[in-house]
Each structure stands twice: as structure tokens, then as C-alpha cells.
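What follows is a short report on a single structure.
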Amino acid sequence: MAYISGGGICLKWFLDAILRGEKGCQELDVLAEEVLRGSAGLIFTTHFSGLVCPNDGAIKSNWLWLAMRHDYRYLYRAIVEGLAYEYKMYLDIIQESVLLEGRLACSVGRRRSQSA
4 MAYISGGGIC LKWFLDAILR GEKGCQELDV LAEEVLRGSA GLIFTTHFSG LVCPNDGAIK
64 SNWLWLAMRH DYRYLYRAIV EGLAYEYKMY LDIIQESVLL EGRLACSVGR RRSQSA
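When we follow my numbering, the leftmost residue of the sequence shown carries the number 4, and every step to the right adds one.
Written out as C-alpha cells, the structure is:
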């Protein structure tokens with residue numbers, strides 16, 4: 004089973020704690036398009052509420068390679084890309100397993116960003 008504990012909560016936290024509600028996801032999606040894929044080397048790890056499988060609550064999210072050139076657009080895009088890469092990794096694992104027979108059911112939150 005693939006699951007990111009608190010994946011969507013990363014976005015909510017960013018909107019509330021960093022941007023203080025001044026911008027919404029739709030506006031940020033447009034602004035994130037100004038940032039090239041890869042967020043200029045900025046990487047966000049997605050385990051905001053710990054790692055679920057294997058279970059490890061001590062693992063947390065962070066930005067790697069954060070530099071002065073990274074503004075909120077880069078931070079947001081790195082979160083979205085981190086979530087997208089995490090789910091891509093899970094999809095690859097599922098596709099390699101014998102359990103998948105051509106069909107996959109997913110449960111997602113309310114975000115549908117085109118930035119990643």
C-alpha cells in the first residue's frame with residue numbers, strides 16, 4: 004500500500020503558516036509555472052507527519068538545498084514536485100508487483116495541480 008502521511012497537509016501548512024492565507028493554490032499553481040522543473044535544485048521531502056510504511060514517526064519534511072534565490076514560488080513548486088515524485092515512486096512499485104492486473108484505484112485529496 005502506498006500512502007503519504009500528511010501529503011496534502013504540507014500544502015495547507017505552507018498556505019497558512021508561510022503565506023498566511025495571502026495566496027491560494029490556484030494562484031500558486033500559476034506562479035509555480037514561472038519556476039523551471041526541479042525548482043532550481045530545491046527538494047522537499049514529503050513526510051510531514053512521519054513515514055507510514057515502514058512506520059517511523061521520527062521522519063519529517065524538510066527542504067534540501069534551500070538558497071537565497073528560492074522564494075515562495077520555488078518552495079511551493081518543490082512541495083508539489085515532492086508529492087508527485089513520491090506518488091510516482093509508489094506507482095512504479097505497484098506496477099512492478101504481481102498484484103496489479105491493468106487497473107489501479109487511487110484515493111486523492113482535493114488538489115489537482117498541473118505544476119509537477
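Heads up, the beta-carbon is just placed ideally off N, CA and C, and yes, glycines get one too.
The continuous beta strand (DSSP E) containing Trp66 extends over residues 65-67.
Taking a contact as a CB-CB distance under 8 Å, the pair Tyr77 and Leu31 does not count as one, their CB atoms being some 11 Å apart. Closest by C-alpha distance to Lys63, out of Ala35, Leu69, Leu54, Ala43, is Leu54. Here Cys13 is not near Leu69, since their CB atoms are 9 Å or more apart. With 16 or more other Cβ atoms from the protein chains shown falling within 10 Å of its own Cβ, Gly10 counts as buried. Counting only the Cα atoms, Pro57 lies some 31 Å from Tyr75. By the Cβ-count criterion, Ser100 is exposed, with fewer than 16 other Cβ atoms from all chains shown falling within 10 Å of its own Cβ. Beta-bridge analysis with DSSP links Leu54 to Asp59.
Annotation: the continuous alpha helix (DSSP H) that includes Ile12 extends over 10-16. Bridge pairing for Ile46: Leu67 [DSSP]. Rounded to the nearest whole angstrom, the CA to CA distance from Thr49 to Phe17 is 12 Å.
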